[in-house]
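Okay, so here's the structure we're looking at.
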Amino acid sequence: MVYSRKTGDCNRQFKTFIFILTFSVLVLAGCKQDKQILLQSPSNNKDENIEQETRNNRVFDEALYNSLKIQEGQFYKIVGWLNDDTILYLTNLSNGTNVYTYNIFSGKSELLYNSKAPIAYTEISPWKNNILIHSAPSEYLAIVTVIDQTGKLLASEQLESAELSFAWSSFNENKILISTFNEDWSFKMSLWEINKQKLSAVSLTEPFVQWITDKEVGYLKWDHETPALTAPFVRKNIKTDEEKLVPSEAIHFHSFGDYLLAISVNHSETDKAEYIIFDKKLKKLLSFKIPHLSRYSDWLIPYYDIDEKEQKFYTFRPKYSKEEENYRDDFLLVAYDLITGKEETVIEGLNNEPISVSPDGEYILYGYQFEKLINLKTQEVITIIEK
1 MVYSRKTGDC NRQFKTFIFI LTFSVLVLAG CKQDKQILLQ SPSNNKDENI EQETRNNRVF
61 DEALYNSLKI QEGQFYKIVG WLNDDTILYL TNLSNGTNVY TYNIFSGKSE LLYNSKAPIA
121 YTEISPWKNN ILIHSAPSEY LAIVTVIDQT GKLLASEQLE SAELSFAWSS FNENKILIST
181 FNEDWSFKMS LWEINKQKLS AVSLTEPFVQ WITDKEVGYL KWDHETPALT APFVRKNIKT
241 DEEKLVPSEA IHFHSFGDYL LAISVNHSET DKAEYIIFDK KLKKLLSFKI PHLSRYSDWL
301 IPYYDIDEKE QKFYTFRPKY SKEEENYRDD FLLVAYDLIT GKEETVIEGL NNEPISVSPD
361 GEYILYGYQF EKLINLKTQE VITIIEK
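Quick note: the sequence shown uses UniProt numbering, first residue 1, plus one each step.
This is the structure:
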């Protein structure tokens, strides 16, 4: 479905023919000018008024919306949002990977970075200013690079590893924790301070951690000797090594910077998962339960994201509890208001696939390659990749 803008009624009646003719000409000129404004790229810095007008009218108009056209076999994936209008995407080449920006409303695409080695992983910083690129020139060698939105190189490191994991601080964009794995899954942790071009060792017993303050990380402390379905949540100061045990257990947690999500299972109500969202001081803001799907050794965690601007939490909700392998139904995309706790069904009949909310909270990238776009005002789902 395509939505077009309304330009108003240009046929109003007036007392004289001359006045009618004059008014019609003025209105038509205004309509033409308005259409020209819409066709301009929001990234045009020469005219701030045009840019603001385009942003105020961000709708899927034929004059604005263009599918991203990529030759078959080249498209790799969309990484995520750089701002309200622009996404980052990758294409694979025979000898490397290209990183592009793409304005989803103007259709303008620009090459940002070229990697001579295949890119294994890309991440946009929490503040959207910088981009991390992990390229793999060989099986056990990694090059980790950080660039800004213009493609300027900020820092780069070579690491010997079989695999890497990253945790970018939401509190200081210059700090990234890197877990470097060996082939036997033994690992070491390092703190990469981008502005100082410095890599220093960090003492942590779990490789998958997330920042919960500027100095603290959080993780689930799993007992590897006695496997369990839940684990206690631990806060650790990476400078002093002070460790605090939070008196609750969870099956999953995620830090969004100012918010912390914990998912747990009540032993007396095992057919439901309890979602709890805390603020940065660990004060409970919201709690709700949804049916969940069990697996052989754990539970399925449906994809989710948070809209910090509009203070909403989005996730997929199965219609009932069952074993994942036997669940044949679709999912509901639901939103929870972090202030009121109100639940809203956004769209029915979707698959459980990754989502990423735009910074302004108006759109969601959706799909395993973020190849689809959800308009939250119209509930329209559009494929934005044309192969």
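Just so you know, even glycine gets a beta-carbon here, dropped at the ideal spot from N, CA and C. Just so you know, these numbers come straight off a predicted model, no measurement behind them.
Per DSSP, which one or two residues make a beta bridge with residue i?
| i | result |
| --- | --- |
| G80 | L88 |
| R317 | L332 |
| G96 | L93 |
| E362 | Answer is none; E362 lacks a bridge partner. |
| Q158 | I143 |
| Q210 | G218 |
| A167 | L177 |
| V357 | I364 |
Throw me the rounded Cβ distance for the residue i and residue j pair, which I believe falls under 8 angstroms.
| i | j | result |
| --- | --- | --- |
| S109 | Y121 | Not really, about 22 angstroms apart at Cβ, beyond 8 angstroms. |
| I194 | N174 | 5 angstroms |
| S170 | P126 | 4 angstroms |
| Q197 | H254 | The Cβ separation is near 29 angstroms, so there is no contact. |
| I384 | D305 | That pair is no contact at about 17 angstroms. |
| N95 | K77 | Between K77 and N95 the Cβ distance is about 19 angstroms, and since that is not below 8 angstroms, they are no contact. |
| I382 | L376 | About 12 angstroms; that fails the 8 angstroms criterion. |
| E160 | L141 | 6 angstroms |
Measure the C-alpha to C-alpha separation of residue i and residue j and round it to an integer number of angstroms.
| i | j | result |
| --- | --- | --- |
| L112 | Q149 | 8 angstroms |
| I380 | V357 | The sequence given here has Glu at residue 380, not Ile. C-alpha separation (whole angstroms): 15 angstroms. |
| D271 | K215 | 37 angstroms |
| L245 | L220 | 10 angstroms |
| F105 | D85 | 7 angstroms |
| N266 | A250 | 10 angstroms |
| S190 | T205 | 12 angstroms |
| residue 404 | Y368 | Limits of the chain in this structure are 1 at one end and 387 at the other, which puts residue 404 out of reach. |
| D307 | L88 | 19 angstroms |
| I364 | L293 | 24 angstroms |
| E243 | F208 | 16 angstroms |
| F152 | T226 | As written in the sequence, residue 152 is Lys, which differs from the Phe given in the question. Roughly 48 angstroms separates the two Cα atoms. |
| A167 | N129 | 16 angstroms |
| Q13 | N92 | Since pLDDT at Q13 reaches only 39, below the 50 mark, its modelled position is unreliable, and no value is offered. |
| I133 | S248 | 36 angstroms |
| N57 | E386 | Unreliable positioning characterises N57 in this predicted model, as indicated by a pLDDT of 49, which lies under 50. The coordinate reading is nonetheless provided below. Taking the straight line joining both Cα atoms gives about 24 angstroms. |
| T378 | K312 | 17 angstroms |
| V217 | D241 | 10 angstroms |
| K309 | L333 | 19 angstroms |
| F370 | N182 | 30 angstroms |
| I131 | Y314 | 24 angstroms |
| I277 | P359 | 20 angstroms |
| K322 | N172 | 41 angstroms |
| G107 | I119 | 24 angstroms |
| Q74 | P137 | 19 angstroms |
| S268 | L199 | 46 angstroms |
| K283 | H224 | 30 angstroms |
| P291 | D298 | 14 angstroms |
By Cβ distance, which residues of its chain are closer than 7 angstroms to residue i, with the 5 residues on each side in sequence left out?
| i | result |
| --- | --- |
| N352 | P302, Y303, F316, F331 |
| R295 | E324 |
| D279 | D258, Y259, L285 |
| V79 | L88, Y89, L90, T122, I124 |
| Y327 | L293, P318 |
| F233 | G218, L220, V246, S248, A250, F253, A262 |
For residue i, is the classification buried or exposed, using 16 other Cβ atoms within 10 angstroms of its Cβ as the cut-off for buried?
| i | result |
| --- | --- |
| I339 | exposed |
| L82 | buried |
| L90 | buried |
| E344 | exposed |
| Y320 | exposed |
| K236 | buried |
| N103 | buried |
| S135 | buried |
| G349 | exposed |
Beta-carbon within less than 8 angstroms of residue i's beta-carbon, same chain only, minus the 5 sequence neighbours each way: which residues are those?
| i | result |
| --- | --- |
| Q274 | The sequence shown places Glu at residue 274, rather than the Gln named in the question. I263, S264, V265, N266, S287, F288, K289. |
| V202 | L177, M189, S190, L191, I238 |
| W222 | E206, A228, A231 |
| E139 | A162 |
| K342 | Y336 |
| I212 | G218, R235, S255, L260, K280 |
Spatial neighbours of residue i within its chain, please: C-beta separation below 6 angstroms, excluding the five flanking residues on both sides.
| i | result |
| --- | --- |
| A155 | V146, I194, Q197 |
| S179 | S165, F187, M189, P207 |
| H252 | I263, I301 |
| V346 | L333, A335 |
| D329 | K319 |
| N114 | N98 |
For residue i, is the beta carbon positioned less than 8 angstroms from some heavy atom of the ligand ZN?
| i | result |
| --- | --- |
| V381 | You won't find the ligand ZN in this model; it holds no ligand whatsoever. |
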